[in-house]
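There are 2 protein chains.
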Amino acid sequence: MSTELDNSANENAKVDKNERHKQRQQKVKQQVDAKIEAAQIEKGVLMVITGNGKGKSTAGFGTVTRAVGHGQKAAVVQFIKGGWECGERNLLEKNGVDFHVMGTGFTWETQDREKDTAATLEAWQAAEKLLQDESINLVLLDELTYMVTYKYLDLQRVIDALNKRPAMQHVIITGRACHRDIIELADTVSEVQPTKHAFNAGVKAQLGFDY
Amino acid sequence: MSTELDNSANENAKVDKNERHKQRQQKVKQQVDAKIEAAQIEKGVLMVITGNGKGKSTAGFGTVTRAVGHGQKAAVVQFIKGGWECGERNLLEKNGVDFHVMGTGFTWETQDREKDTAATLEAWQAAEKLLQDESINLVLLDELTYMVTYKYLDLQRVIDALNKRPAMQHVIITGRACHRDIIELADTVSEVQPTKHAFNAGVKAQLGFDY
Chain A
1 MSTELDNSAN ENAKVDKNER HKQRQQKVKQ QVDAKIEAAQ IEKGVLMVIT
51 GNGKGKSTAG FGTVTRAVGH GQKAAVVQFI KGGWECGERN LLEKNGVDFH
101 VMGTGFTWET QDREKDTAAT LEAWQAAEKL LQDESINLVL LDELTYMVTY
151 KYLDLQRVID ALNKRPAMQH VIITGRACHR DIIELADTVS EVQPTKHAFN
201 AGVKAQLGFD Y
Chain B
1001 MSTELDNSAN ENAKVDKNER HKQRQQKVKQ QVDAKIEAAQ IEKGVLMVIT
1051 GNGKGKSTAG FGTVTRAVGH GQKAAVVQFI KGGWECGERN LLEKNGVDFH
1101 VMGTGFTWET QDREKDTAAT LEAWQAAEKL LQDESINLVL LDELTYMVTY
1151 KYLDLQRVID ALNKRPAMQH VIITGRACHR DIIELADTVS EVQPTKHAFN
1201 AGVKAQLGFD Y
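Which chain is which? The protein sequence lines are A and B, in order.
In terms of the working numbering, the first sequence is residues 1 to 211.
In terms of the working numbering, the second sequence is residues 1001 to 1211.
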């Protein structure tokens, strides 16, 4: 008898818990729905992914994968090229993504300011063409921020090209320490913070995961 | 004559600037090289991408794209499915990525705790199988964090499966507010902070960019 009462009490408690959960979730749903209702503008979004954490370029490449998956046209300009083969390039280029890779390696590998400036300008000219091409839905300017930081590239020239791009074209800029004027101009800015990084614990960069 | 002197002074200043740049970059290169030299461990990395900013799932999918581009095997379990078609799934599934998508929609859409718990467990069982499969190089557990937060999934069960996985298998967990015990266990943790989001300025979620 007491077991039956206990069971009944437990059952009531469970119903209460489910009911409270349902009410909480209904409130969340109302808030989300209201925000979705309010957001009606369609436009090309300028997104900056900056900060010192891991995942900035991969977030850019993930968005390229997404766009291509919907049959859209995407293009990538990589402003820093490592000495290694790039996994995402292998797959995305095969699926129609236009890739431009800057002619020199890491800027701390070459240490030649004039050569790096020339290579940057060449890559930037490819970027400018993409930023004038209405047929391209998404342009990823991977690691562009460093080119502005090192003054290989004129900030105003970058801002002008971004401002003049087709109205529906999305652009993603990645890299550490993005210049505040580009952040100001951007619609969406994510800052990736490195809470922890395996590299600092002695784990080497591994093919397929880190490059 | 004074113009010639000026030119010569300018030329000297330019040489100095290039030399200083070169010295700075050499120092950076030495530091980077030393860190690369020190990092010799090869292992499956557990990476958590958390925080409230945009780019967590896309960073996960970008890494899947990278792995697949190198001919590696990757699998995805999506713990929250939107009502819409998923662009990255279209491309990645076509390229051999194993996809498991949880049977219900957003948890704030269903508002049914028992149904959501059952759906979570089903998706988690698929994840557990992947986490025992040595042939899979990378497992993306997209939006897993919410399942732990809502207590649809037992935290210890998640930690056990992560601990017992093949030594070389990489795992990426995405979602807001990742539980501190999973962060503790992880090798790499990135927190994506929302400095700015177009959605809050009235821009709607757009196909190819946001989903």
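In this text, a Cβ means the ideal position worked out from N, Cα and C, and glycines have one as well.
Between A161 of chain A and the set A:I182, A:D210, A:E143 and A:I41, the nearest pair of CA atoms involves A:I182. Within chain B, the residues placing a beta-carbon under 7 Å from that of H21 of chain A are R1113, ordered along the chain.
Contacts with chain B (Cβ-Cβ distance below 9 Å) from the region 38-56 of chain A involve A38, A39, Q40, I41, E42, K43, G44, V45, L46, M47, V48, I49, T50, G51, G53, K54, G55 and K56, listed in chain order.
Annotation: A1205 of chain B to T1120 of chain B spans about 26 Å, alpha carbon to alpha carbon. Runs of the alpha helix (DSSP H) lying entirely within the region 1154-1180 of chain B, each at least 4 residues long, are 1155-1163 in chain order. Secondary structure at H197 of chain A: coil, using DSSP grouped into helix, strand and coil. Scanning chain A for C-beta atoms nearer than 9 Å to the C-beta of N1137 of chain B yields G208 and F209, reported in chain order. Under DSSP, the beta-bridge partners assigned to A1074 of chain B are B:L1138.
Counting along the chain, L1092 of chain B sits inside the alpha helix (DSSP H) bounded by residues G1087 to K1094. Per DSSP, L1046 of chain B is one residue of the beta strand (DSSP E) stretching across L1046 to T1050. Secondary-structure assignment with DSSP links S190 of chain A through a beta bridge to A:I49 and B:P1194.
About 5 Å separates the Cβ atoms of L46 of chain A and V171 of chain A, confirming a contact at the 8 Å cut-off. For K1204 of chain B, the closest Cβ of chain A is nearer than 9 Å.
Within chain A, not a single residue places a beta-carbon under 8 Å from that of E1143 of chain B; the smallest gap is close to 14 Å. Residue pairing of F1209 of chain B in beta bridges, as defined by DSSP: absent, with no partner found. Counting of Cβ neighbours within 10 angstroms places A74 of chain A among the buried residues, the total reaching 16 or more. Under the Cβ criterion of 9 Å, A1198 of chain B is counted among the residues facing chain A.
About 7 Å separates the CB atoms of L138 of chain A and T63 of chain A; that is less than 8 Å, so the two are in contact. Comparing C-alpha distances from V97 of chain A to each of A:H70, A:Q125 and A:A198 shows the shortest one belongs to A:H70.
DSSP places D112 of chain A outside both helix and strand once states are collapsed to three, so it counts as coil.
When Cβ pairs closer than 8 Å are counted between the two stretches, the region 1036-1055 of chain B is seen to touch the region 1185-1193 of chain B, the count reaching three or more.
No Cβ-Cβ contact shorter than 9 Å links Q72 of chain A with G1044 of chain B. A direct Cα-Cα distance of roughly 10 Å separates H1197 of chain B from V48 of chain A. Interface annotation, A34 of chain A: not in contact with chain B, CB-CB separation never under 9 Å.
DSSP places F99 of chain A in the strand class (E or B) of the three-state scheme.
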